[in-house]
Amino acid sequence: MWLLGSVMAVSSFCGVAGCSRVRSRTVQQERRLLSRGSAASGRQAADTPTAVTEEAQRAADVVVILGTNARLDEVSGTRYERWEIGEPSLRDIHGMERMRLVRDEIDARVHRLYEQLIAK
């Protein structure tokens, strides 16, 4: 979890079942990207992913689901948004450049969501 400014807590999870670990290369790339700044700056790359729980969903103002393949049993009364992120590898963009593009798109969406939430 990390704070965006001082008013919004953001949690990062790994699906409904979680998984036992994150590939070390993914963690290294995430740490490099986070060190360059984004809405998630100050956040630590997760070495151990966490499953999305019903409790976490109920506590959230918004649950963001990334991608079209991700599945999550929705909890009544919780707001959900599905963010379909453009896949740079389909345009033959790979490695750190791919990660930067994905990070920047997610970062822009987080900032838009933040603006929506504080406007209420």
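Count along the sequence shown starting at 1, add 716, and that's the number in the numbering used here. Every residue, glycine too, gets a C-beta built ideally from N, C-alpha and C. These figures come from a predicted structure and were not determined experimentally.
| Asked | Found |
| --- | --- |
| Buried versus exposed call for residue 778 [16 or more other C-beta atoms within 10 Å across all chains shown] | exposed |
| Residues of its chain near residue 812, where Cβ-Cβ distance is below 6 Å and the 5 sequence neighbours each way are ignored | none |
| Beta-carbon proximity check, residue 817 vs residue 799, cutoff 7 Å | no |
| Residue interval of the beta strand (DSSP E) (run including residue 798) | 796–799 |
| Identity of the residue in 829, 802, 796 and 824 nearest residue 772 by Cα | 796 |
| Spatial neighbours of residue 829 in its chain, beta-carbon cut-off 8 Å, leaving aside the 5 residues before and after | 778, 780 and 797 |
| Beta-carbon proximity of residue 814 to residue 804, cut-off 7 Å | yes |
| Reduced DSSP secondary structure (H/G/I, E/B, other) of residue 828 | helix |
| Straight-line gap, residue 806 to residue 790 (C-alpha atoms, nearest Å) | 30 Å |
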